[in-house]
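Visitor:
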Amino acid sequence: MEFNSGVSMFLPDSIGLNGNDFDEEDHEDIVHEQTNQNEIVELIMAAFEGHEEPSDGEEEEDDEDDESLNTSNSSHLIVNEHELLNTNNNNNNANDHYIQQQQHELLHRNHLYQQPLYSTPAVSTPPPLVPPSASTDFDDHTQYTYPRYQQFDEHNNTEQDIQFSTKSSALVHYQNPNRHTNNNNNNNNIASTGVQYFDSLPTIDFIDPMQAQFMYQTSSTSSSDTQNQLNKFRILCNVKERKITELENRLTEYHEKYNSDLRVLKHKIELSERAKYDYEQRYQSITRQCEELIETNNQLQRTIKDAELKIQQLEGNKTQLEKKLDDAESLIDSLHRKVNELQRFESIARTQQDCELILASTREKHEQEIINLNEKLQITQMNLQEKTIEVDELRIQLESACKNNEKAIFERMETISHLNQQLHDCQRQYTDLLTSKSMDTFNQTETKRQLNRMTEDKEKLENICQEFQSEIRTLRERLGITEHEVDKDLFGISSISVNELSSLNRQVVPHNSTSFDNPNESLINENHHLKERIDEFASNEKNLIQINEELQRQIHELTHKDTMNSDETIITNSIHMEQINSLTKENEQLKKNYSNLHEKYDYEKHELHSIIEQLREDIVDLDKTKQLYIDVCQEKNSIEDKLRAKFEHEIKIKLDDLRRTLEKEYNDKILYYKNNFEQDNQILKTKYNQDLEQQSKELNQDIERMKINHEKMINELNIELDRLRANDDTKNRLIYVEKEFEQLKHDYTDLNIKQKELINNCKILEDE
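Here the sequence shown is numbered in the working numbering, starting from 5 and rising by one per residue.
1) Using alpha carbons as the reference points, say which of 432, 480, 293 lies closest to residue 411.
2) Could you check how far apart the C-beta atoms of residue 405 and residue 531 are, in whole angstroms? I think they sit under 8 angstroms.
3) Could you give the uninterrupted runs of the beta strand (DSSP E) lying entirely in the stretch 652-708, keeping only those of 3 residues or more?
4) Let me confirm a value: residue 220 is counted as buried when at least 16 other C-beta atoms fall within 10 Å, else exposed. Which label applies?
5) According to the neighbour-count rule (16 or more other Cβ atoms, all chains shown, within 10 Å of its Cβ), is residue 485 buried or exposed?
6) So residue 476 and residue 413 are in contact, right, with Cβ under 8 angstroms, and what is the actual spacing, rounded?
7) Buried or exposed: residue 183, going by 16 or more other Cβ atoms within 10 Å of its Cβ?
8) Compare the C-alpha of residue 453 against each of 247, 763, 559 and name the closest.
9) Take every Cβ of the stretch 551-565, pair it with every Cβ of the stretch 456-472, and state whether three or more of those distances are shorter than 8 angstroms.
10) Spatial neighbours of residue 326 within its chain, please: C-beta separation below 8 angstroms, excluding the five flanking residues on both sides.
11) When you compare the CB positions of residue 261 and residue 634, do they come within less than 9 angstroms of one another, or not?
12) For residue 276, which option in 657, 304, 707 has the closest C-alpha, if you only look at C-alpha atoms?
13) Contact between the stretch 374-390 and the stretch 417-429 is defined here as three or more beta-carbon pairs at a separation below 8 angstroms; is this criterion met?
14) Out of 534, 622, 701, 291, which has the shortest C-alpha to C-alpha gap to residue 667?
15) Decide yes or no for the touch test of the stretch 664-683 against the stretch 289-306: beta carbon pairs closer than 8 angstroms, at least 3 of them.
16) Three or more beta-carbon pairs under 8 angstroms between the stretch 618-631 and the stretch 250-259, yes or no?
17) Buried or exposed, going by whether 16 or more other CB atoms sit within 10 Å of the CB of residue 619?
18) Assess contact between the stretch 326-337 and the stretch 697-706, defined as three or more Cβ pairs (one per stretch) separated by less than 8 angstroms. Is contact present?
19) Rounded C-beta distance between residue 265 and residue 647? I'm assuming under 8 angstroms.
20) Quick test of your reading: residue 751 and residue 337, contact by CB under 8 angstroms. State the CB separation rounded to the nearest angstrom.
21) Which residues in the same chain as residue 747 place their Cβ atom closer than 7 angstroms to its Cβ, once the five residues preceding and following it in sequence are excluded?
22) Given this structure, state the Cα-to-Cα distance separating residue 726 from residue 753, to the nearest angstrom.
23) Figure out for me which residue from 304, 381, 762 has the closest Cα to the Cα of residue 789.
24) Answer yes or no: do residue 415 and residue 528 have a C-beta to C-beta separation smaller than 9 angstroms?
25) Would the beta-carbon of residue 305 fall within 9 angstroms of that of residue 645?
26) Nearest by alpha-carbon distance to residue 767: which of 749, 555, 696, 565 is it?
27) Classify residue 423 as buried or exposed, calling it buried when 16 or more other Cβ atoms lie within 10 Å of its own Cβ.
28) Which same chain residues, not among the five before or five after residue 764, have their C-beta less than 6 angstroms away from its C-beta?
29) For chain D, check one thing: does any of its Cβ atoms lie closer than 9 angstroms to the Cβ of residue 632?
30) To the nearest angstrom, how far is the alpha carbon of residue 760 from that of residue 312?
31) For residue 434, which option in 552, 542, 342, 354 has the closest C-alpha, if you only look at C-alpha atoms?
32) Evaluate residue 247 with the Cβ neighbour count: other Cβ atoms within 10 Å of its Cβ, from every protein chain shown; 16 or more gives buried, anything less gives exposed.
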C-alpha cells in the first residue's frame, strides 16, 4: 500500500475529551470509526512487517481502502509537492524527540477507549505524519486550545470556522494548500487566526482538507499498546521516506527533461540565426543582381543608339542603290519588250503545230491499247470456262474417293472394335479366375509365368491395335492433304464441300504426292494401297482369333492346376495364421507403449500450460508498465508540443518582420529604378523626335530641289523639241527624247511613292 506524502496526520495521546461529552449515537460512530482505523493499521503492518492478514470480510474493505488511496493520491499529489519540499528539512530532526514525548504521555494519560476527533469513513486512508513547525517547543506545557476548527472552502477560496463542541479543549488548524509560507512566519499566522496548542503536543499544521478525516486520539495503559503505536509511527515514517525518494527521483527526471528541452531550444535558436544570416546574404546578392541589370540596361541603350546611326547610314546607301537599280531595270524592260514582240509571232505558230502532232499520236495509241485489252479479256473468259469444267469433274472424283475411303475406314473400325470386345472378354474371364482362387495361387511360380505370358500377349494385341489406329490416322491425314492440294491448285477457288471441310479438320501429315499433272492416277494408287492394307488387317484378325482360342485353352488348364494345388494352399494358410497371431501380440505391446507415451505427453502438456499462464501474467504486468511509460511519454510529448508551438510562433513572427522589411526596401528600390528609367526614356524620345524632324526637313528640301531641277530639265527638253521638230533629220532623236521624258515621269512617280513610304515609316517609329 502507498501513502500520499503530501497529506500529514498526527495521533495525540489525549486531547482532553471525556466520555460524558458525547451522546450514545456519537459513541457508536466513534467505535465504528475506531475499528475501521485499526483495520487499516493492521493492513499496513501486514504489508511491511509480515503480520497475519485480516479475514475475508476485512479484505473487501481493504480493497475499497486501496481504491480510495489511489484516487486521493492522484488528486492531492500535484498540489502538495511544493509544500512537501518545505517540510522535508524539519522532518528528520524532530521525529526522535517527538516519539520520546509520545511514549511519556501514553504512560500517564488514560481513557476508556480510543476516540477519533472527527468522523473518518472506512474508504479513506491515513496519511503520514508531518513534523512540528519551528515556532513550537516540545517542552512547553502551558498552552491550551479552544474548540475551533478552520476549514478551507474550495469554491470561495476562504477559510470557514466550524464549531464542534464547547467542552473539548482541542483545536485543529487547517492551512490553505495554496499558501507557500516559511516556518518562521507561522507564529504570526497563529496569533492572527486564534490557533492554540495541545497540553504537551506540537501544532498540527495540515496541508490538505482530507486531513480532517484522519485525526484520531489513542490511549492505552499497557506498554504493548505504546509499542504498537511506535511500530505504526515507524511504518508511516518509512512510507513517507519512500515517497520522498520517489519524489526526488521525479525531480531529477524533470530536471533532465528541462535541460534537454533547453538544449533543443538553443539548437533551434542557432538554426534560426543561421537562416537569418542566409537571408541577409541572399538580400545582398539580389542587390548586386539589380545593379548588374542596371548596367546592362545602360549598355543596351548605348548599343541601340549606335544601331540607329548605322540604320540611318544604311538607309542613305539604300536610296542610292535603288536609284541605280531603277535606271538599270528601265533599260532591261525596254529591251525585253522588243525581244518579246519579235518572238511572239514565231513561237505561237510552232506551238500550234507541235500540239496537233501530239494529239494525233496519243489518239492512235489509245485506240490500239483498247483493242489489245478486249482481246485479252476474251482469252481469259475462255480459259475460265475451261477451268470451271475441270474443277467440277475433279470435285466429283474427290467426293467419290472420300466416300470410298470413309467406307473402308468404317469397316476397319468395326473390325478393331470387335477385336477389342474379344480382348475384354478374355480379360474378364481371367480376372474371374484370379479372384476365385487368388489365395491358392500366391506361391505358384508356373501361374506367375503364365500370367506374364498373358500380359505380354495382351500388350502385343494393344500395340497391334495402336498400329492400326495410327495407320487409319495417316490415311485420313493423306486424304486431307490431297484435298487441300487440289484446292490450292484450282486457282484458289474457295467453294469447298462438306466432305472437304471434314477432311481439313483432321491432322495434317506431310506427303510426297504434290504433283498436279495426274491427280487421278495418284488417287487410284492410294485406293489400291488402302485395299492392300485392308487385306492385311483381315489376315491380322484371323491371327488374333487363333491367339484368343489358345489363351482360352491355357485358362482351362490353369483352372485344373488350381484345383490340384488347393491342399498346398491350406498348409500355407496355417503358417500365415501363426504369423498373424504373433503380429497381434506385438501390436498389443505397442499399444501399451503408446498409452505410456500418451500419459507422459499429458503431464508435459500440463506443465507447459502452467508455464504459459505464468508468462501471460508476466505479459500483463509488462503491459501495465508499458501503459505507465506511455502515459509519461504522452505528458512529455504534450510539453514538447507546447514548446515547439511557442518556438515556431516566435520564429514566424521574426520571419514576418524580416519579410516586411525586405519587401519595403525592395519596393523602394524598384520605384527608384522605375523613375530613373522613365526619365531616361523621355530624354531618349525627345532626342529621337528631334532627329526625325531634322531628317524629314532635309528630305523635304531634297525633294523641292529635285522638283526644281526636274522642271528645269523639262523646259530645256521642250526647247530642244521645238528646235528638232523643225528639222526632218532629227525625228529619230525626237522619239528617243520623248522616251527619256516618259522615263523621267515614271521616276518622278516612284520618288513620290518612296517619299510616302518614308513618311509612314517615320510615323511608325514615332509611335514605337
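Every residue, glycine too, gets a C-beta built ideally from N, C-alpha and C.
Quantities reported herein were computed from a predicted structural model and do not represent experimental measurements.
Guide: Answer, in terms of the structure:
1) 480
2) 7 angstroms
3) Taking only runs of at least 3 residues, no beta strand (DSSP E) segment lies wholly in the stretch 652-708.
4) Unreliable placement is indicated for residue 220, whose pLDDT of 42 sits below 50; no coordinate value is reported for it.
5) buried
6) 6 angstroms
7) For residue 183, the pLDDT reaches just 41, beneath the cut-off of 50, and the residue's location in the model is therefore unreliable, leaving the point undetermined.
8) Residue 559 holds the alpha-carbon nearest to the alpha-carbon of residue 453 among 247, 763, 559.
9) yes
10) 758
11) no
12) 657
13) Judged by Cβ distances under 8 angstroms, the stretch 374-390 makes no contact with the stretch 417-429, as fewer than three pairs qualify.
14) 291
15) yes
16) No contact exists between the stretch 618-631 and the stretch 250-259.
17) exposed
18) no
19) About 6 angstroms; that satisfies the 8 angstroms criterion.
20) So it is not a contact: roughly 13 angstroms between Cβ atoms.
21) 334
22) 26 angstroms
23) A query on residue 789 cannot be resolved here, the shown segment of the chain reaching from 5 to 772 and no further.
24) no
25) no
26) 696
27) Taking a 10 Å sphere around the C-beta of residue 423, we find 16 or more other C-beta atoms and assign the residue as buried.
28) Here the set comprises nothing.
29) Structure shown: chain D not included; a single protein chain is present.
30) 21 angstroms
31) 552
32) buried
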